[in-house]
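> Please see the structure below; I have some questions.
Residue numbers (the working numbering): 6 to 297.
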């Protein structure tokens, strides 16, 4: 028995050393810079990425690969101090640019005056139509440390997570529709830009360029997804071979439902499905229960 335990310990040590020897993917392994390369920096080891905004321009990056369905996750630390007018966008989209028929899944972090909380705006587009905004407060200061922001996307639901807490659930009804993007592959993007015409108090608070440059930072990108390959990608239809496309990922777990209920009670600032002034006849997806 002692000999077996010694062998097991040596194997575990060898495995750990082998794992430790594997280098982490750098920014260049996963992403390409879209614009303003001089506003982009990395740490010496290539593991932390810094995007900056000044009065001249912001900057942005995108994945080299596109995907259809999966789990997409990144740790972000947002602009600290007075960030009014500044938007850090972290999103998935079918193309580089706001094309008229794009599909898109958005996290947008809306800066604020010093001491006021950040808001998260999420939105979903299908074939160029969005107008599905939700806004949430956060239960922490996203400028003090890195927090994890994730998207689960399969043919049954889209879930936005913050530190593994589901903050938004967008369900599919299983029928052809104009509200659930599930046909086109998407890249993952992030950018920082000036949106002081609308981002903070509807545009009342303008960007204070004396505080520039404004810097958001990123690390630990993680993706478990179906990589799109032409002309016959394996993700044209669901296969249930991956955890993110199996039954358990089609619904919130009991623990996730408890977290989601707490978010609904305490953190929702705006929900388009409750805006009857804007939508006298609510969009059809608003009748789909996130609990099912």
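Even for Gly, the Cβ is constructed at its ideal location relative to N, Cα and C.
Roughly how many angstroms lie between the CA atoms of residue 73 and residue 156, to the nearest whole one?
12 Å
> Short check: CB of residue 126 to CB of residue 140, under 8 Å?
yes
> List, from N- to C-terminal side, the alpha helix (DSSP H) runs of 4 residues or more that fit wholly inside the region 26-58.
32-35
> Taking C-alpha atoms, which residue in 122, 204, 133 lies nearest to residue 94?
Of 122, 204, 133, the residue nearest in Cα terms is 204.
> In terms of residues, what are the limits of the beta strand (DSSP E) holding residue 162?
162-167
> For residue 86, collect the residues of the same chain with a Cβ closer than 7 Å to its Cβ; drop the 5 residues on either side in sequence, then sort them by chain order.
So the qualifying residues of the chain are 119, 216.
> Are the CB atoms of residue 234 and residue 184 within a distance shorter than 8 Å?
no
> Can you say whether residue 99 is buried or exposed, counting buried as having 16 or more other CB atoms within 10 angstroms of its CB?
buried
> Grouping DSSP H, G and I as helix and E and B as strand, with all else coil, what is residue 66?
strand
> Where does residue 251 land, buried or exposed, given buried means 16+ other C-beta within 10 angstroms?
Using a 10 angstroms sphere on the CB of residue 251, the tally of other CB atoms stays under 16, which defines it as exposed.
> Let's test the definition: count the other Cβ atoms within 10 Å of the Cβ of residue 103 and tell me whether it reaches 16, buried, or not, exposed.
exposed
> Only counting runs of 4 or more residues, tell me where the alpha helix (DSSP H) segments fall wholly within the region 221-290, in order along the chain.
259-271
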